[in-house]
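Be aware that the sequence shown starts at 209, since it is given in this note's numbering, and climbs by one per residue. This report concerns only the one structure given below.
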Amino acid sequence: MPDILKTTLGSLALPNPFILASGPPTASGEMIRRAFQAGWGGAVIKTIHPDGMEIQDLSPRFAAWTGTKGELFGFENVELLSKKTVSYWENEIRSLKQDFPANLLVASIMGDTDFSTWQNLAIRVGDAGCDAIELNVSCPHGMPEAGLGAAIGQNPDLIRKLTKMVSAVASVPVFVKLTPNITDIGTSALSAEEGGADGVSAINTIQCILGIDIDSFEPLPSTGGKGTSGGYSGPAIKPIGLKMVSDISQAVSLPIMGIGGISKWQDAVEYILLGASAVQICTAVMWNGYEIIRAMKTGMENYLIQNGFNSPDEIRGTILGKMQPHHTISRSIRVEPAISENQVCLQCGKCVTACRDGGYDALILTPKGPVVERTRCDGCGLCLLVCGSKALTPMIRSG
Ligand SMILES: Cc1cc2nc3c(=O)[nH]c(=O)nc-3n(C[C@H](O)[C@H](O)[C@H](O)COP(=O)(O)O)c2cc1C
209 MPDILKTTLG
219 SLALPNPFIL
229 ASGPPTASGE
239 MIRRAFQAGW
249 GGAVIKTIHP
259 DGMEIQDLSP
269 RFAAWTGTKG
279 ELFGFENVEL
289 LSKKTVSYWE
299 NEIRSLKQDF
309 PANLLVASIM
319 GDTDFSTWQN
329 LAIRVGDAGC
339 DAIELNVSCP
349 HGMPEAGLGA
359 AIGQNPDLIR
369 KLTKMVSAVA
379 SVPVFVKLTP
389 NITDIGTSAL
399 SAEEGGADGV
409 SAINTIQCIL
419 GIDIDSFEPL
429 PSTGGKGTSG
439 GYSGPAIKPI
449 GLKMVSDISQ
459 AVSLPIMGIG
469 GISKWQDAVE
479 YILLGASAVQ
489 ICTAVMWNGY
499 EIIRAMKTGM
509 ENYLIQNGFN
519 SPDEIRGTIL
529 GKMQPHHTIS
539 RSIRVEPAIS
549 ENQVCLQCGK
559 CVTACRDGGY
569 DALILTPKGP
579 VVERTRCDGC
589 GLCLLVCGSK
599 ALTPMIRSG
């Protein structure tokens, strides 16, 4: 079933729901060309800006939080916008669309505080033949100081005004890329909808300081001993992205491109179940390359086939009805630990310690494994999470 991944994004169609997010992997036409050849369904160009806006990046501009085996948890960047001119991108858009007509090519743009500069960019990239425009009102570093990026995305009136102005002149659908650095992203999405947006993208990176080198007394990343706060991305931000996409799905009826911490097909499925039509990915490609698309496509294809679906469109938003206000969730269901018959307890005692110091002191370690004192257990589930051998399994009681 070669076409099972075909996806719709509002009025747009794409061969699969996997899109490269605006960032280093979409910094040139040649890179996007290689990504499309590898199988990516679409790409959002690294944010294009008026030629007069000077972009000078810091070096270094990344920092990473990794595990002992080099696996990536979280990533910080303080990178700015595209280093190419508008006419460079006009030519690349024309050429890419000629060679890859079926792939979705989105031009991310950022003008200055005079919104007519955004209109000018929108007209130029639209005339060059891009399929859609994404308004970057969400960059959290560098640009807000100039009243741009997240400074616009944190102001509902400005989102509405800018979207309205760009939509009035754009020849292709306009998506607004929202910032998570705000209390209620639903309000931002509503402003975009009121301004006439055709869709929203969420999330951009989350403001962060990745860490401090406590020996050199320097912030990370450090440029000559000095640093600045940046944008957080990668696996650590997926739970925040999911929450934001869920909020947007419930606030507006616009198509959504879900973004944030996606590194495997299962992450993409989660975003789609919460209402995203397609997903964008940046950090996972920076860490592992364009080729991750192969396993992502195969994984999602198999998942859809095994569950009897014909397209990612059929699972979109299907989990939303299960997201309920806290007070409406049943209190008559309780989950308690039970000893698994299939797994051997390692006698590590982690569950006992966790329950004693972070729970209800309801576990006693015996030579046969932990024993639960049912009268003390409050059903919080902490022991099940800390158990390394999975010897503890959940026993669900209801009524
Ligand atoms: C190094 C770097 C540069 C980025 N540059 C841009 C950019 O120019 N425009 C933009 O809209 N988002 C930019 N982003 C944000 C990503 O498009 C994306 O929203 C974010 O990284 C979260 O997705 P991820 O966890 O898959 O990386 C950048 C992200 C990174 C890591």
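Glycine included, C-beta positions come from ideal geometry on N, C-alpha and C.
* **Distance, residue 498 Cα to residue 380 Cα** => Between residue 380 and residue 498, the C-alpha separation is close to 27 Å.
* To do: Note down the Cα distance separating residue 209 from residue 234, rounded to an integer number of angstroms.
  => Because the pLDDT of residue 209 is 49, which lies under 50, any placement of that residue in the model is unreliable, and the question is left without a value.
* Cα separation between residue 229 and residue 221? -> Residue 229 and residue 221: Cα-Cα distance of roughly 17 Å.
* Answer yes or no: do residue 327 and residue 377 have a C-beta to C-beta separation smaller than 7 Å? => A Cβ-Cβ contact shorter than 7 Å links residue 327 with residue 377.
* To do: State yes or no: is the C-beta of residue 232 nearer than 6 Å to some heavy atom of ligand 2?
  => Only ligand 1 can be found as ligands here, which leaves ligand 2 out of the picture.
* By a C-beta neighbour count over all protein chains shown, 10 Å radius and 16 as the cutoff for buried, is residue 412 buried or exposed? -> Around the beta carbon of residue 412, 16 or more other beta carbons sit within 10 angstroms, so the residue counts as buried.
* Go ahead and pull the three-state DSSP assignment for residue 351. => Three-state DSSP puts residue 351 in coil, outside helix and strand.
* **Supposed contact pair residue 580 and residue 544 - C-beta distance, whole angstroms, cut 8 Å** => Between residue 580 and residue 544 the Cβ distance is about 6 Å, and since that is below 8 Å, they are a contact.
* **Ranges of the alpha helix (DSSP H) found wholly within the stretch 463–539, counting only runs of at least 4** => Taking only runs of at least 4 residues, the alpha helix (DSSP H) segments lying wholly in the stretch 463–539 are 473–481, 491–496 and 500–514.
* Identify whether residue 219 lies in helix, strand or coil by the three-state DSSP scheme. => Residue 219: coil per DSSP, three-state reduction.
* Limits of the unbroken beta strand (DSSP E) element including residue 602 -> Boundaries of the beta strand (DSSP E) harbouring residue 602: 600–606, taken from the DSSP string.
* Own chain, CB closer than 7 Å to residue 269, minus 5 neighbours either side, in chain order -> Counting only Cβ-Cβ distances below 7 Å, and skipping sequence neighbours, we find 285, 286, 287 and 429.
* Alpha carbon to alpha carbon, what distance is there between residue 574 and residue 552? -> Cα to Cα, the separation comes out at about 13 Å.
* Option nearest residue 249 by Cα separation, candidates 529, 488, 536 and 495 -> Of the candidates 529, 488, 536 and 495, the one whose C-alpha sits nearest the C-alpha of residue 249 is 488.
* May I have the straight-line CA-CA distance separating residue 477 from residue 424, to the nearest angstrom? => Answer to the nearest angstrom: the Cα atoms are 42 Å apart.
* Would residue 314 pass as a contact of residue 340 if the rule is Cβ separation under 7 Å? -> Yes.
* Asked: Which term fits residue 310, buried or exposed, when burial requires 16 or more other beta carbons within 10 angstroms of its beta carbon?
  -> For residue 310, the number of other beta carbons within 10 angstroms of its own is below 16, and it is reported as exposed.
* Apply the 10 Å Cβ neighbour rule to residue 257 and answer buried if 16 or more other Cβ atoms are within range, or exposed otherwise. => It is buried - the Cβ of residue 257 has at least 16 other Cβ atoms within 10 Å.
* Asked: Beta-carbon separation of residue 352 and residue 358 under 7 Å?
  -> Going by C-beta atoms, residue 352 is nearer than 7 Å to residue 358.
* **residue 416, enclosing alpha helix (DSSP H) - first and last residue** => Not the alpha helix (DSSP H): residue 416 falls in the beta strand (DSSP E), residues 414–416.
* In the DSSP assignment, what residue or residues form a beta bridge with residue 296? -> Looking at the DSSP output, residue 296 sits in no beta bridge, so it has no partner there.
* **Proximity winner among 312, 300 and 320, relative to residue 259 (alpha-carbon distances)** => The residue with the shortest Cα to Cα distance from residue 259 is 320.
* Asked: Between 316, 420, 265 and 303, which lies nearest to residue 291 when the distance is taken from Cα to Cα?
  -> Looking at the Cα atoms, 265 is the closest of the given residues.
* Asked: Any heavy atom of ligand 1 closer than 6 Å to the Cβ of residue 389?
  -> No - ligand 1 has no heavy atom lying nearer than 6 Å to the Cβ of residue 389.
* **C-alpha distance - residue 196 paired with residue 441, whole-angstrom precision** => Nothing can be reported for residue 196: it is not among the residues displayed for the chain, which extend from 209 to 607.
* Asked: Which word fits residue 368, buried or exposed, when buried means at least 16 other C-beta atoms lie within 10 angstroms of its C-beta?
  -> By the beta-carbon neighbour count (other beta carbons within 10 angstroms, threshold 16), residue 368 is buried.
* To do: Use the C-beta contact count for residue 490: other C-beta atoms within 10 angstroms, 16 or more gives buried, fewer gives exposed.
  => It counts as buried.
* What is the DSSP secondary structure of residue 542, reduced to helix, strand or coil? -> DSSP places residue 542 in strand when its eight states are reduced to three.
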